[in-house]
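Using the working numbering, the first residue of the sequence shown is number 343, and each one after it goes up by one.
Note that the Cβ used here is the ideal one computed from N, Cα and C, for glycine as well.
Contents: one structure, followed by commentary.
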Amino acid sequence: QLQASGGGLVPTGGSLRLSCAASGRIFRINTMGWYRQAPGKQCDLVATIVNDGTTNYADSVKGRFTISTDNAKNTGYLQMNSLEPEDTAVYYCNADLITHSGRRVLWGQGTLVTVSS
């Protein structure tokens, strides 16, 4: 399973680091992504990372957010800097994994980020 954590309340301009930990016998993280859903809005892609290190970001977070993975810990991260009220949302992680039982695509439970103005 995936466990997302690290959300909280921060002021505008603040920083947070979200974590997404995969449990179980994980052989490889193929891809990991972060998505977010603001109140009353659709769920949008924030960032993705492939196991070769290739990253992709939504235009709204480029230069402020950084996605990374630590394969030794089976954990992904989303470092969020210069946070804005518009970043307020529930953040979900998603991972495409190779496990002892084969390929699995999992979603974390979501973690709330609130940026105060």
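Candidates the options: closest to residue i by CA position
i           : options            : result
residue 350 : 431, 404, 375      : 431
residue 346 : 406, 435, 367, 415 : 435
residue 482 : 429, 458, 359      : Since the first residue shown for the chain is 343 and the last is 459, residue 482 is missing from the structure and cannot be characterised.
residue 415 : 393, 437, 365      : 365
residue 359 : 400, 442, 417      : 417
residue 438 : 457, 392, 427, 386 : 392
residue 343 : 440, 397, 388      : 440
residue 362 : 356, 390, 380      : 390
Residue i: first and last residue of the uninterrupted beta strand (DSSP E) it sits in
i           : result
residue 345 : 344-347
residue 458 : 453-458
residue 350 : 350-353
residue 444 : 444-449
Classification of residue i by the beta-carbon crowding that lies within 10 angstroms, buried from 16 upward
i           : result
residue 378 : buried
residue 319 : Here the chain has residues from 343 to 459 only, and residue 319 is not among them.
residue 407 : buried
residue 447 : exposed
residue 450 : buried
residue 454 : exposed
residue 483 : Residue 483 lies beyond the residue range present for the chain, which begins at 343 and ends at 459; the question has no answer from this structure.
Near the ligand ZN: residue i beta-carbon under 7 Å from a heavy atom
i           : result
residue 415 : Ligands are entirely absent from the displayed structure, and the ligand ZN is therefore not among its contents.
- prompt: Does the count of Cβ pairs from the stretch 408-420 and the stretch 374-389 closer than 8 Å reach three?
  reply: Yes, since at least three Cβ pairs between the stretch 408-420 and the stretch 374-389 fall closer than 8 Å, the two stretches touch.
Unbroken stretches of the beta strand (DSSP E), 3 residues or longer, contained in the stretch 356-439: Within the stretch 356-439, the complete beta strand (DSSP E) runs of at least 3 residues are 358-364, 368-379, 385-392, 397-399, 407-412, 417-422.
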